Amino acid sequence: MITTTLIEQTALSLMDKAAIEIPADYHHALKKASRTEDGELATFVLKAMLENYEVAKEDRCAMCGDTGVPRWFVKMGNEASVEGGMVALEAALRRATANATHNVPLRPNRVHPLWRTDHNNNVGIGAPEIEYGFEPEGDWIDLITVHKGGLFGTDYRMLFPSDGIQGIKRFYLDSLMAFGKRGLSCQPAIIGIGLGGSKDTCMSLGKRASTLRVVGSSNPDPRIADLEAEFKELGNSIGMGAMGFVGKHMVIDCNIEVGYCHTGGMPMSVHAFCLSSRRAVARLYPDGRVEYRTDPDWFTAYQRRDTIEWEPPVDNNQSTEIPAHTVDSPQTVENHQ
Amino acid sequence: MSGPREVRLSTTPTTEAIADLRLGDVVYLDGLLYTAREGVYTRALEQQANIPMDLPTESAANFHCSPAARINDDGSYDMGAVTATASFRFNKWLPQWMEKTGAKLIIGKGGMSSKDYKNYFVPNGAVYLSTVGYGTGALLGRGIEKVETVHWNKELGLAQAMWVIRCNKMGPFIVASDLNGECLFERENAKIARNVARAYEGTKPAILKRYGETDDPTDEVI
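Structure below.
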């Protein structure tokens, strides 16, 4: 049994790490980008950001004054059990969110949408969001906190099969342009694209693609992985860099996640995880062990399963099998209108 | 590459000092600045509350910011990171605010349009300074010498309150408008617009249209 004390202590520490320490994958990629950036102002911006990460760690101070909207993703192995049950877990996460807001400190961003009531602790109706996932094996739970900026860089559109890949590209570029100007999306960002699902799951997929997959990861479907690479390059070919200044780096990486959708539609969402890509992860075991990491490892083969019963992949690689009824090339999508 | 020019600037700057600023200069600030955004504007301009500072004598620098800060039990303040919020949303209040407070430096994220600059920044002798990144919150935090006080916390909450900060070489900020009303972001957008058609080549508009304001990606959205 995993104790609520352990959950609350670990959650508090994760809130601190997420706000202060830029994850290694993003940090490494931004350093690489700064070496090849040639726009004068964009270069200055990237250098300042890299310096900012160091100062935040040295001073144990939030890297960005807008500390985003803290939220939680909880992943549980099938054999995991929590002292007091899930209501106790949720209370522990809400306490940790409130206490970290005071301790770090974080900006108390969460307010009532109409009355603008601010509890000054990032807790309120539906806040922080707590979402769940499960894995077939294990007695651990993963706590993942993401403090995503809340205002710019995200959009949704119902596309249709006849829009095809070119329509997807168009909406992707529209989103980059709309929010990239003046740097509103605080690029270079990890762009997450959700394709398919229902409207709400389409948004969730895209948000998770940007926040729960690390830079350098690929979708296991090789054709989607190719699209990810192509979209990254396409975004960086606009000529817009940090803060919307002339530059070469707008997209640090592009992650695409898909879900089965209505046969007549092709919903799409775009999300941007910014220069302060705040996420932190820990795995908690019943014996009290806690392992910290920065890769949420959310999208496992189990999360992406497309069968009725869970059929573990035969080898250690994630399933890349393509069922016979799916389209065999992106262009084919257009023929099914 | 030499990089942009660096300038130290007072938060109660002289007309000459402002006139000397060029688009793209990097600025570090000294003196008092205050945060004011929709909460403060609404309270001061719409509800006509008395502004609890002597402006612009004490400060002519309005930061569009909510800090990550706390008020301790003993009444002291801890401020870690400070980062700007997007300014374009405040243009309905800014003309009146400038007139009332004599603000000369508007500091925020993303700038305003050149129309805003020409219509009421230039006539008020004011320029726009943009934060960098965005999100050099920790760097800006090092420029805080002291949090002097916070006004209207009870009425507006921590995020919307009027924080008064004494800064010492706080920065970097980038000069995003000048006394001719020129706009750095629009200048950059115009350069980028030349590439946009190439990036869009082969794509097509969505089958199902949306009611909207523009379908030209080289347009500004603010």
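Listed in order, the protein sequences are those of chains A and B.
Under our numbering, the residue at position 50 of the first sequence is numbered 52, and the numbers go up by one with no gaps.
Under our numbering, the residue at position 59 of the second sequence is numbered 83, and the numbers go up by one with no gaps.
Backbone N, C-alpha and C fix where the C-beta goes; we use that ideal spot for every residue, glycine too.
For clarity, every value in this text was computed on a predicted model and none was experimentally measured.
- Proximal residues to Ala68(B) (C-beta, below 6 Å), its chain only, five neighbours per side dropped: Looking up residue 68(B) in the second sequence gives position 44. Taken in chain order, the residues that qualify are Ile75.
- C-alpha gap between Gly288(B) and Arg118(A), whole angstroms: Absent from the structure is residue 288(B), since the part of chain B shown begins at 25 and ends at 246.
- DSSP puts Tyr294(A) in a beta bridge; with which residues? The residue given as residue 294(A) occupies position 292 in the first sequence. Answer by DSSP bridge pairing, in chain order: Ala284(A).
- Query: How about Met179(A) and Pro229(B): are their beta carbons less than 7 Å apart?
  - Reply: As a first step, residue 179(A) must be located in the first sequence, where it is residue number 177. As a first step, residue 229(B) must be located in the second sequence, where it is residue number 205. Not a contact, by the Cβ cut-off of 7 Å.
- Decide if the region 266–278 of chain A is in contact with the region 185–202 of chain A; the criterion is three or more beta carbon pairs, one per stretch, under 8 Å apart. Touching, yes.
- Query: Taking only runs of the beta strand (DSSP E) that begin and end inside the region 107–180 of chain B, which ones reach a length of at least 3 residues, in chain order?
  - Reply: 129–132, 151–155 and 168–175
- Message: Per the DSSP calculation, Asp54(B) is bridged to which residue(s)?
- Response: Your numbering for residue 54(B) matches position 30 in the second sequence. Paired residues: Ser34(B).
- Task: Can you grab the Cα-Cα spacing for the pair Ile246(B) / Ser154(B), in whole Å?
- Result: As a position in the second sequence, residue 246(B) is number 222, starting the count at 1. As a position in the second sequence, residue 154(B) is number 130, starting the count at 1. Whole-angstrom Cα-Cα distance: 16 Å.
- Message: Measuring CB atoms only, is the region 128–143 of chain A touching the region 92–107 of chain A, in the sense that at least three cross pairs come out at less than 8 Å?
- Response: yes
- Task: Report yes if the C-beta distance between Met160(A) and Gly266(A) is below 7 Å; otherwise report no.
- Result: To locate residue 160(A), count along the first sequence from 1; it is residue 158. To locate residue 266(A), count along the first sequence from 1; it is residue 264. It is not a contact, given that the beta carbons lie outside the stated cut-off.
- With 7 Å set as the bound, which would you pick, yes or no: does the beta-carbon of Tyr158(B) sit closer than that to a beta-carbon of chain A? In the second sequence, the residue the question calls residue 158(B) occupies position 134. Answer yes: the Cβ-Cβ gap between Tyr158(B) and chain A drops below 7 Å somewhere.
- Query: Taking Cβ-Cβ distances shorter than 9 Å, what residues in chain A pair up with Asp97(B)?
  - Reply: The residue you call residue 97(B) lines up with position 73 of the second sequence. Under the 9 Å cutoff, chain A gives no residues; its nearest Cβ is about 11 Å from Asp97(B).
- Item | Helix, strand or coil at Val217(A) according to DSSP, with G and I counted as helix | As a working mapping, residue 217(A) is identified with position 215 in the first sequence. DSSP places Val217(A) in the coil class of the three-state scheme, outside both helix and strand.
- Task: Note down, in chain order, every chain A residue with its Cβ under 8 Å from the Cβ of Pro241(B).
- Result: The residue labelled residue 241(B) in the question sits at position 217 within the second sequence. The CB of Pro241(B) comes closer than 8 Å to the CB of Leu175, Asp176, Met179 and Ala180 in chain A, given here in chain order.
- Would you identify the three-state DSSP class for Ile192(A), choosing helix, strand or coil? Residue mapping note: residue 192(A) aligns to position 190 of the first sequence, counting from 1. Three-state DSSP puts Ile192(A) in a strand.
- Query: Pairing CB atoms from the region 188–195 of chain B with CB atoms from the region 154–167 of chain B, are three or more of them under 8 Å?
  - Reply: yes
- Message: On the DSSP letters alone, give me the boundaries of the alpha helix (DSSP H) that Val248(B) sits inside.
- Response: Limits of chain B in this structure are 25 at one end and 246 at the other, which puts residue 248(B) out of reach.
- Item | Contact belief for Ala26(A) with Thr296(A) at Cβ below 8 Å, rounded distance in angstroms | Within the first sequence, the letter at position 24 stands for residue 26(A). Within the first sequence, the letter at position 294 stands for residue 296(A). Rounded, the Cβ-Cβ distance is 6 Å, consistent with contact.
- Task: For Cys256(A), go through chain B and note every residue whose CB falls closer than 9 Å to its CB, in chain order.
- Result: Against the first sequence, residue 256(A) aligns to sequence position 254. Simply none; closest approach about 14 Å.
- Neighbourhood of Gly159(B) by C-beta distance below 8 Å, restricted to the same chain and skipping five residues each side: In the second sequence, residue 159(B) corresponds to position 135, counting from 1. Closer than 8 Å at the Cβ level, and outside the excluded window around Gly159(B), lie Thr107.
- Item | Opening and closing residue of the alpha helix (DSSP H) in which Lys193(B) lies | The residue given as residue 193(B) occupies position 169 in the second sequence. From DSSP, Lys193(B) is part of no alpha helix (DSSP H) but of the beta strand (DSSP E) over Met186 to Val199.
- Item | Cβ pair Tyr141(B), Ser201(B) closer than 7 Å | Along the second sequence, read from residue 1 onward, the residue named residue 141(B) stands at position 117. Along the second sequence, read from residue 1 onward, the residue named residue 201(B) stands at position 177. The answer is yes: Cβ separation under 7 Å.
- Query: Which of helix, strand or coil does DSSP assign to Asn238(A)?
  - Reply: Numbered from its first residue, the first sequence carries residue 238(A) at position 236. Three-state result, Asn238(A): helix.
- Sequence-distant residues of its chain with Cβ nearer than 6 Å to Tyr52(B) (five each side left out): Counting from 1 along the second sequence, the entry for residue 52(B) is found at position 28. Contacts found: Arg32, Lys193 and Gly195.
- Task: For Tyr304(A), I'd like the list of residues in its chain whose CB is within less than 7 Å of its CB, leaving aside the five on either flank, ordered along the chain.
- Result: Counted from its first residue, the first sequence places residue 304(A) at position 302. The answer, listed in chain order, is Glu137, Pro138 and Trp312.
- Item | Buried/exposed call for Val64(B), threshold 16 Cβ in 10 Å | If you number the second sequence from 1, residue 64(B) lands on position 40. Answer is buried; the Cβ neighbour count reaches 16.
- Would you mind working out which of Cys256(A), Asp202(A), Pro314(A) and Arg210(A) sits nearest Leu236(A), comparing C-alpha positions? For this step, residue 236(A) is matched to residue 234 along the first sequence. Nearest C-alpha to Leu236(A): Cys256(A).
- Query: Of all the CB atoms in chain A, is at least one closer than 7 Å to the CB of Tyr224(B)?
  - Reply: Mapped onto the second sequence, residue 224(B) falls at position 200. Yes, contact with chain A.
- Query: Quick one: does Ile231(B) have its CB under 7 Å from some CB of chain A?
  - Reply: By 1-based counting over the second sequence, the position of residue 231(B) is 207. Chain A contact via Cβ: present.
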